[in-house]
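Start counting the sequence shown at 139; every next residue gets the next number (the working numbering). The C-beta atom is built at its ideal place from N, Cα and C for all residues, glycine as well. A quick note: this is a predicted structure, and the numbers were derived from the prediction, not measured. What follows is a short report on a single structure.
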Amino acid sequence: AEDGIRDVAVTGVQTCGSSDLNSQVADLVFELRPDDMVAKIPSMLADKALSSEQKARLVSILAASDNPAQGNDLIKMLQASDDSPTQEGILEALKLFLPGKWSSLNKSPELKSAIKSLLSGNDREQLMGLGLVEASRQKEYLGSVVGLAQKASNEKIRQQAIKTRSEEHTSELQSRLHLV
């Protein structure tokens, strides 16, 4: 702390140090991803002093991990965050990695709980929930998706629900074609 940079500055939070130094250190953390630093990222993302850019960098560090625990951290942070750009970045990472390296999370109670909670939330949360259904191809929520497509007053939610249902239907048909 004598040099004016707190411990959390490793990820880019600056007190009075050089922003170039913080960026370089964040790059190093991104490349090395030391377990002790990665474990701190979920709590760091809650820091209101972080800029959207800094939060995006933290999300990228977690998303780069092959460890499903980091995917699970992102699921939790998707629900906890009130920062739209952060939520969008988290959702993009989950869409990218739930079908592949984090596919084991598709059956997790945490994902199911997050989807259920988000689909029953406000407009922004419903959009996030629809994105999770689309990414994870959770068929058990299709009734909720169809309900949002039919009843949502927000046009953006209706369109996303229709898209989510359409993606699931296409995936279902492709699966059947591969079985033949």
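Margin query: Just verifying my parser: in three-state terms, what is the DSSP assignment at Lys277?
Written below: Reduced to three states, the DSSP call for Lys277 is helix.
Checklist line | Presumed contact (8 Å Cβ cut-off) between Gln264 and Leu232, rounded CB distance | finding: Actually they do not touch by this definition, with Cβ atoms about 16 Å apart.
Check: Do the CB positions of Asn244 and Ser282 come within less than 8 Å of each other?
Finding: No. Outside cutoff.
Checklist line | Contact with chain C by Ile295, beta-carbon distance below 8 Å | finding: Included in the structure is just one protein chain, with no chain C present.
Item checked: Inter-residue CB distance, Leu270 and Arg303 (contact presumed, cutoff 8 Å) -> With 8 Å as the limit, Leu270 and Arg303 do not qualify as a contact, their Cβ atoms being about 14 Å apart.
Check: What residue does the alpha helix (DSSP H) around Asp174 start on, and which one ends it?
Finding: Counting along the chain, the alpha helix (DSSP H) containing Asp174 begins and ends at Asp173 to Val176.
Item checked: Supposed contact pair Ser219 and Leu256 - C-beta distance, whole angstroms, cut 8 Å -> Contact between Leu256 and Ser219 fails: their C-beta atoms lie close to 12 Å from each other, not under 8 Å.
Check: Roughly how many angstroms lie between the CA atoms of Val146 and Ile213, to the nearest whole one?
Finding: With a pLDDT of only 45 at Val146, under 50, the local geometry of the prediction cannot be trusted, and the value read off the model is given with reservation. One Cα belongs to Val146, the other to Ile213, and the distance between them is close to 22 Å.
Note to self: Helix, strand or coil, according to DSSP, for Leu183 in the structure here?
What the structure shows: DSSP places Leu183 in coil when its eight states are reduced to three.
Item checked: CB-CB length for Leu229 against Leu249, believed under 8 Å -> Not a contact, Cβ separation roughly 13 Å.
Notebook entry, point to check: If you draw a straight line from the C-alpha of Ser251 to the C-alpha of Ala207, how long is it?
Noted result: Straight-line Cα distance between these residues: approximately 16 Å.
Note to self: What does the alpha-carbon distance come out to for the pair Phe235 and Leu188?
What the structure shows: Approximately 25 Å, taken between the alpha carbons.
Check: If we call anything under 8 Å between Cβ atoms a contact, is Pro180 one with Asp204?
Finding: At least 8 Å separates the beta-carbon of Pro180 from that of Asp204.
Next item on the list: Grab the span of the alpha helix (DSSP H) containing Gly227 for me, first residue to last.
Entry: Start and end: Ser222 to Phe235.
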